[in-house]
Amino acid sequence: MRPFFMIVMCIASMAFVVTAELAGYPGKDAFRIAYGDKCVRLVRDRDPWFHDCTHDNPLDFASMWHTVPVGDYFNIKNVETGMCLYEGRPATVQNCSDSSGNNLWRFFHGGDYPTDEWKIITKSSDDQKNGAFTCVSYDRTFLFVGHTVTFTCNRDNNNQFFKRIPVAGLPRE
1 MRPFFMIVMC IASMAFVVTA ELAGYPGKDA FRIAYGDKCV RLVRDRDPWF
51 HDCTHDNPLD FASMWHTVPV GDYFNIKNVE TGMCLYEGRP ATVQNCSDSS
101 GNNLWRFFHG GDYPTDEWKI ITKSSDDQKN GAFTCVSYDR TFLFVGHTVT
151 FTCNRDNNNQ FFKRIPVAGL PRE
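Numbering (full-length UniProt numbering), first residue to last: 1 to 173.
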């Protein structure tokens, strides 16, 4: 009877630990912003660059993002720093409390877009009312190659389509 009791207690304690780990795991419900085999990852805590994706590393918090609703838009908040993505050339991350609207975004999926790909559009371009939306882009110019930037959305510009890849979670041994 004693070995049975020990086994039951061991299983119960492992279940408790796994539940506690998931509840406190910073990457819970996070996603990676991917363009091909590259993901947006913070370098030096403030610079969002496209680097090789680390889908198999659940502790690479610099490449994990959450959305935080703000009215009809949301902040894109980095898991490692808690700072939000801001539009610009190049884009940056800053404190999320700015009221300029430069840190507010929406995902857009047009009818002819690839099934699992989205454009990430700025609120400030929505406010312009001239139809010239500004999107997150994977920059391929000589100045910022691989940097995250915002440019005018272009229907044929495939470096403005991204996938939101859910973070797999904690590894199991």
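Built from N, CA and C at the ideal position, the CB exists for glycine as well. Remember, predicted model here, so these are calculated numbers, not experimental data.
Buried versus exposed call for residue 46 [16 or more other C-beta atoms within 10 Å across all chains shown]: exposed
Quick check: the Cα distance between residue 37 and residue 137, rounded to an integer number of angstroms? 15 Å
Would you give the residue range spanned by the beta strand (DSSP E) that residue 65 belongs to? 65-70
So the candidates are 40, 93, 73 and 35; which of them puts its Cα closest to the Cα of residue 123? 73
Residues in the same chain with beta-carbon distance under 7 Å from residue 119, minus the five sequence neighbours each way, listed in chain order, please. 108, 135, 153, 160 and 161
Distance check for residue 164 and residue 114, CA to CA, integer angstroms please. 13 Å
If you follow the beta strand (DSSP E) that residue 73 is in, where does it begin and where does it stop? 73-78
Whose C-beta lies closer than 6 Å to the C-beta of residue 66 among residues of the same chain, with five residues either side of it excluded? 30 and 77
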